[in-house]
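In the working numbering, the protein residues as written are 35 to 251.
For every residue, glycine included, the Cβ atom is placed at its ideal position computed from N, Cα and C.
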């Protein structure tokens, strides 16, 4: 997406050792693209962002894109892992509820990405032992039902006006029930998985720039 905004920006990390690192890219005209490597969505930086506190003294982001899932499956049994699908469900519930509390101060628009549906025939034996299609289908259905239970995936969310009772922190406001019952103010681009193609991945998980460009557009 950054490369689409500014063709001089790189389309991939400088090396394989930097693919799991935070990156900030200036795209001109005061625009920045910030990528935070946080596959469990539980880092302190992510927590700060979700509370609408911003990042690095910059203005509220125009778009906040969040994605998680496969690492919860891959490292489900490790001590510092996510606990599998149940751990992912618990964390996503926290994230989505915090989005409701923080909007509209969080960002102009929030996107929750679907869990990647890999090419299972190309997964390594180690990955295939933990990443299963049934789990991914269940996770994406869970997201769809939470975010867009009665709408299409692209219907715009309705945000409360700043200063209205519905926009206040439910922990200090009597409208907490109303806050919990509001729709999730986010978009769920379920079409992301439909543009994946086996010819554009070598390991079943990481796709070429042709795919990521189509997803960004």
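query: Between the CA atoms of residue 42 and residue 63 - distance to the nearest angstrom; result: 14 Å
query: Check whether residue 80 and residue 93 have beta carbons under 8 Å apart; result: no
query: Nearest residue (CA-CA) to residue 54, options 231, 105, 133, 220; result: 105
query: Chain-order list of residues whose beta-carbon lies under 7 Å from that of residue 173 (same chain, five-residue window excluded); result: 103, 119, 122, 149
query: Limits of the unbroken beta strand (DSSP E) element including residue 66; result: 66 to 69
query: Residue range of the unbroken alpha helix (DSSP H) whose run includes residue 245; result: 243 to 250
query: Limits of the beta strand (DSSP E) - the one that residue 58 falls within; result: 57 to 60
query: Whether residue 140 touches residue 90 by CB criterion (8 Å); result: no
query: Endpoints, alpha helix (DSSP H) assigned at residue 291; result: Nothing can be reported for residue 291, as the shown portion of the chain is limited to 35 through 251.
query: Cβ-based neighbour list, residue 229, same chain, cut-off 8 Å, excluding 5 preceding and 5 following; result: 245, 248, 249
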